[in-house]
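Presented below is the structure to which this report refers.
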Amino acid sequence: MIEQLNSFFKKIFNNEETIIFSVLILFALIMFTFFGPVLTPFLVSIVVAYLLVGVQKKIESFNVSKKISLIVTFLIFIIASLTLLIWLVPLLYIQLQAFVLDIPNLFNEFLTFVAALPTSYPDLISSEQISIFFQAVSSELSSITQNLVKSSISGIQSTITILLYIILFPILVYFFLFDRKNIIDGLIKIIPGKREMLSNVWSEMDGQLSNYVRGKTLEIFIIGVSAAIIFTSLGLKYSALLSVLVGLSVIIPYVGAFLVTIPVIIVGLLQFGLETPFYILLGLYLLLQALDGNLLVPIIFSDAVKLHPVAIILAVFIFGSMFGFWGVFFAIPMATFIKAVWNAWPSN
Numbered sequence: 000m001i002e003q004l005n006s007f008f009k010k011i012f013n014n015e016e017t018i019i020f021s022v023l024i025l026f027a028l029i030m031f032t033f034f035g036p037v038l039t040p041f042l043v044s045i046v047v048a049y050l051l052v053g054v055q056k057k058i059e060s061f062n063v064s065k066k067i068s069l070i071v072t073f074l075i076f077i078i079a080s081l082t083l084l085i086w087l088v089p090l091l092y093i094q095l096q097a098f099v100l101d102i103p104n105l106f107n108e109f110l111t112f113v114a115a116l117p118t119s120y121p122d123l124i125s126s127e128q129i130s131i132f133f134q135a136v137s138s139e140l141s142s143i144t145q146n147l148v149k150s151s152i153s154g155i156q157s158t159i160t161i162l163l164y165i166i167l168f169p170i171l172v173y174f175f176l177f178d179r180k181n182i183i184d185g186l187i188k189i190i191p192g193k194r195e196m197l198s199n200v201w202s203e204m205d206g207q208l209s210n211y212v213r214g215k216t217l218e219i220f221i222i223g224v225s226a227a228i229i230f231t232s233l234g235l236k237y238s239a240l241l242s243v244l245v246g247l248s249v250i251i252p253y254v255g256a257f258l259v260t261i262p263v264i265i266v267g268l269l270q271f272g273l274e275t276p277f278y279i280l281l282g283l284y285l286l287l288q289a290l291d292g293n294l295l296v297p298i299i300f301s302d303a304v305k306l307h308p309v310a311i312i313l314a315v316f317i318f319g320s321m322f323g324f325w326g327v328f329f330a331i332p333m334a335t336f337i338k339a340v341w342n343a344w345p346s347n
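First residue of the sequence shown? That's 0 in numbering that gives the first Met the number 0, and the numbers climb one at a time after it.
In structure tokens, the structure reads:
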């Protein structure tokens, strides 16, 4: 048994580079596990800077110097960030505040709607099922109230942290964008030994991730704006808040579209009832999701990430349980990294 284990480990760690690479991966996992909240602004800044590199190269293709293209790219980033901070964030805050204040009314309307279901659909729902539902809801209210109190206390600390991130974020993006060559060269010098395996991993990841990150950003924008047009034209409440949720839902493959459909249907049902506007909303929303999955995604991501859907869903659940929201956000890049490591690992 010991000889078999020894042979197995010798087969995996068959040279110095594989051992160094394994130590680097283990070190990175330990850092993300214990210092994830601290490293969050750095990781997000790296992703944004990586996204902006594509914009910079696109500007350079018009015979613009590298220095000018960097300045223009960073100005685009600052303008976009200020637009979100000055226009979109206050709008979302107002709608979120209105939603929180309107929760009691929405809850009462929901209870009234549920209570009327046995009368409207006696063959589908009975009074006994409704009473059981009300008992379950009442048992959950106390725990929800306690969680809200805890969230309000921790929300003060979160607000301070967010303010620090807002200040730190553009500074980090600036350095990762303008000084990325020196940063990369400095990190490479730290790694001892040969770097052939690391180069193979990066060459495979770079092509796929660059297409994925830029394509996913474009998909979020298109789906979010399209949802905003649909919701606003129908006069749906909290249209900006729901549009942002619909746009961000594409980050979570396959699962996000299902999860965000629930609040859209609930708000539409409580506002319109089972009337014509609700069915128009439902039809247009399902049409948008169908066009996203069957038309937009194949066009944008035709060669972006070559991963099986089962592997993507598994990565979302595993990394989401390990690192929370950012684990879900970086699930596909991390899965792509694992696949690149697997392909680059020496076979002998």
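Quick reminder that beta carbons are idealized off the backbone N, C-alpha and C, glycines included.
Quick caveat: nothing in here was measured; it's all calculated off a predicted structure.
Considering Lys236, what are the terminal residues of the alpha helix (DSSP H) in which it resides? Counting along the chain, Lys236 falls outside any alpha helix (DSSP H), and DSSP gives it neither H nor E.
With a cut-off of 8 Å, do at least 3 Cβ pairs link the stretch 223-231 to the stretch 66-75? no
Helix, strand or coil: which one does DSSP assign to Asp178? coil
What number of angstroms, rounded off, separates the C-alpha of Thr216 from the C-alpha of Pro332? 14 Å
Can you tell which of Leu42, Ile337, Gly214 has its C-alpha closest to the C-alpha of Val296? Gly214
Determine whether the beta carbon atoms of Gly255 and Ile222 lie at a separation below 8 Å. no
Contact check, Leu197 vs Ile190 under 8 Å by CB: the rounded distance? 7 Å
Segment limits, alpha helix (DSSP H) that includes Leu87: Leu87 -> no alpha helix (DSSP H), and no H or E assigned at all.
First through last residue of the alpha helix (DSSP H) which encompasses Leu268: 254-271
Give me the Cα-Cα distance between Gly185 and Val259, rounded to the nearest whole angstrom. 42 Å
Rounded to the nearest angstrom, what separates Leu28 and Ile251 at their Cα positions? 22 Å
Leu23 CB to nearest heavy atom of the ligand FAD below 7 Å: Here there are no bound small molecules, and the ligand FAD is not part of this structure.
Drop a sphere of 10 angstroms on the beta-carbon of Phe329, count the other beta-carbons inside from all chains shown, and report buried for 16 or more, exposed for fewer. buried
Whole-angstrom distance between Ile298 and Thr335, CA atom to CA atom: 20 Å
How far does the alpha helix (DSSP H) with Gly282 in it extend, from its first residue to its last? 275-290
Is DSSP giving Phe34 helix, strand or coil here? helix
On a CA-only basis, which of Tyr211, Asn210, Phe271, Phe257 is nearest Gly234? Give me that one, please. Phe271
Sequence-distant residues of the same chain with beta carbon closer than 8 Å to Val340, five excluded per side: Phe20, Ile24, Val200
Could you check what DSSP says for Asn62 in three-state terms: helix, strand or coil? coil
As assigned by DSSP and simplified to three states, the class of Leu95: helix
Short of 8 Å in beta carbon distance, which residues of its chain neighbour Val327, apart from the five on each side in sequence? Order them along the chain. Ile250, Ile251, Val315, Phe318, Gly319
I'd like to know whether the C-beta atoms of Leu84 and Leu240 end up nearer to each other than 8 Å. no
Close Cβ partners of Ile166 (< 7 Å) along its chain, the five nearest in sequence each way excluded: none
Within a Cβ cutoff of 7 Å, which residues of the same chain sit near Ile58, ignoring the five residues on either side of it in sequence? Ser68, Val71, Thr72
Hey, would you say Leu171 sits closer than 8 Å to Ser44, going by beta carbons? yes
Return helix, strand or coil for Phe220, following the three-state DSSP convention. helix
Can you tell me the Cβ-Cβ gap for Phe168 and Pro40, rounded? I've got them flagged as a contact below 8 Å. 6 Å
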